[in-house]
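Below you'll find the structure, written out as structure tokens, and then a few comments.
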Amino acid sequence: MASLGWSYRDKPYDPYWGPTSSKANFCEEDYIVTPYIAELINTLTNLTYILYAIHGIYKNWGRKDAFLRNIPYLGIMGVGFGSALFHATNKYYTQWADDLSMLLATATVMHRVYTYDDTPLHAVLKGLGLAAFLTAFSVWHCMSNEIVGHATLFGVMVVLVGIKTRSIISARVSDPAVKKEVRKLSRWGSVIFVSGYIIWNIDNFTCSWLTEAKRNIGMPLSFLLELHGWWHIFTGIGAYIFIALVEYLTSEEAGEPLAGRFAWPVDMFLRNRPRSTPNITRTGYGTLSAPPENMD
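Numbered per my numbering, the sequence shown spans residues 1 to 296.
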């Protein structure tokens with residue numbers, strides 16, 4: 001008997017989508033709340049990705065370079081929909097949507113940070129090379145039904161984006177105060193990612209204890225112990241921080257105050273920053289020169 005909320009069912013509902021066929025299945029009990037959604041909390045928490053993506057796209061509305069700016073936001077929106085589809089059904093084919101959308105979203109940011117100062121031709125060639133590699137990997141991943149290679153590649157891509165982002169900060173932001181603030185934002189994004197990863201692994205290794213605790217607590221308070229859902233929230237925030245940071249560093253706005261431009265928690269770090277002129281020159285299709293000093 002639950003002491004703090006509604007009791008869990010003794011048996012799950014008959015699944016609307018049929019028996020589970022995915023290789024990965026997380027700690028949240030399947031079809032325990034509704035017959036229409038396999039993992040309710042793991043499904044709903046994907047709104048984190050979608051809402052941040054909508055915010056980013058809305059803020060870029062009307063810009064002449066809106067399409068390039070919005071590609072990474074479309075990527076994390078794809079992660080949100082793909083992951084929600086997987087957790088709602090727990091089917092093998094929807095697991096592909098979840099796995100591959102993660103790589104696609106990371107690839108869009110990776111391409112941006114490694115090509116922002118390239119010529120258009122080089123940017124296209126690198127994009128085609130990255131797309132060819134990911135296509136080949138995706139075919140192998142789906143045919144072999146493996147998990148380790150996918151997780152390893154995702155981790156390597158995230159690390160490469162982080163390393164390149166830090167080098168861009170050093171090369172493109174000359175003002176010491178601004179550089180300190182941007183590096184702080186980068187560290188904060190990294191901490192959020194790592195925290196989410198730790199929480200995800202706690203969910204994996206303590207599932208039996210968590211399931212017992214959730215049943216003792218009862219719904220809805222037990223939803224707070226759905227740690228894979230927290231992984232979605234933390235990685236959604238972390239992904240948005242790095243996308244917003246890359247957008248900032250590779251645009252004409254680098255070094256300028258951006259209060260009110262980005263969603264929480266990014267705007268919290270950019271608030272009340274003094275204006276400064278960045279040391280940025282145009283060397284390719286994506287890097288813009290700094291605006292001239294006011295001559296009045």
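All C-beta atoms in this analysis are idealised placements derived from N, C-alpha and C, irrespective of residue type, glycine included.
For Glu247, collect the residues of the same chain with a Cβ closer than 7 Å to its Cβ; drop the 5 residues on either side in sequence, then sort them by chain order.
-> Within the same chain, Glu247 has close Cβ partners Arg69.
### Task
Report the rounded CA-to-CA distance for Ile243 versus Asp10, giving the unit in angstroms.
In this structure, the alpha-carbon of Ile243 lies about 43 Å from that of Asp10.
Q) Enumerated in chain order, which unbroken segments of the alpha helix (DSSP H) with a length of 4 residues or greater are wholly contained in the segment 6-55? A) Whole alpha helix (DSSP H) segments, 4+ residues: 40-44.
| task | State the Cα-Cα distance for the pair Ile297 and Pro120, rounded to the nearest angstrom. | result | Residue coverage of the chain in this structure runs from 1 to 296, which leaves residue 297 outside it and unanswerable.
**Q.** Sequence-distant residues of its chain with Cβ nearer than 7 Å to Ala97 (five each side left out)
**A.** Cβ contact annotation for Ala97 (same chain, cutoff 7 Å, sequence separation greater than five): Gly82, Leu85 and Phe86, in chain order.
Minimum C-alpha distance to Ile168 - residue among Leu130, Tyr31, Thr235 and Ser186: Nearest C-alpha to Ile168: Ser186.
Can you list, in chain order, the residues of its chain with a C-beta nearer than 7 Å to that of Pro12? Leave out the 5 residues immediately preceding and following it. The beta carbon of Pro12 sits closer than 7 Å to those of Glu29, Asp30, Tyr31 and Ile32, all from its chain and outside the five residues before and after it, given in chain order.
Paired residues, beta bridge with Met219 - DSSP: Beta-bridge analysis with DSSP links Met219 to Trp6.
> Contact check, Phe313 vs Ile37 under 8 Å by CB: the rounded distance?
Replying inline: Residue 313 lies beyond the range of the chain shown here (1 to 296); nothing can be said about it.
Item to complete: Assign Ala131 to buried or exposed, taking buried as 16 or more other Cβ atoms, counted over all protein chains shown, within 10 Å of its Cβ.
Response: Exposed is the call here.
Worksheet item: Quick one, are the C-beta atoms of His150 and Asp203 less than 8 Å apart?
Response: No. Outside cutoff.
query = Near Tyr52, what residues of its chain come up, given a Cβ to Cβ distance below 7 Å and the 5 sequence neighbours on each side ignored?
reply = The answer, listed in chain order, is Ile76, Gly236, Tyr240 and Ala263.
**Prompt:** Where does Arg63 land, buried or exposed, given buried means 16+ other C-beta within 10 angstroms?
**Reply:** Flag for Arg63 reads exposed.
* 7 Å CB neighbourhood of His228 in its chain, flanking five on each side removed -> If the five residues before and after His228 are omitted, its C-beta is found closer than 7 Å to the C-beta atoms of Phe26, Cys27, Glu28, Asn42, Trp200 and Asp203, all from its own chain and listed in chain order.
Mapping the DSSP letters down to three states, classify Ser167 as helix, strand or coil. Residue state, collapsed to three classes: helix.
| said: Judging by CA-CA distance, which residue of Leu245, Val191, Pro15 and Ile217 is the nearest neighbour of Lys91? | reply: Comparing alpha-carbon positions, the option among Leu245, Val191, Pro15 and Ile217 lying closest to Lys91 turns out to be Pro15.
Could you give the distance in angstroms between the alpha-carbon of Pro35 and the alpha-carbon of Tyr49? Approximately 25 Å, taken between the alpha carbons.
Rounded separation between Arg183 and Asp118 - CA only: Using only the alpha carbons, I get a separation of about 24 Å.
Next item on the list: Using the Cα positions of Val161 and Val178, report the straight-line distance between them to the nearest angstrom.
Entry: Their backbone Cα atoms lie some 20 Å apart in a straight line.
Neighbourhood of Gly78 by C-beta, 7 Å cutoff - its chain only, sequence neighbours within 5 removed:
Around Gly78: Ser101, Leu104 and Ala105.
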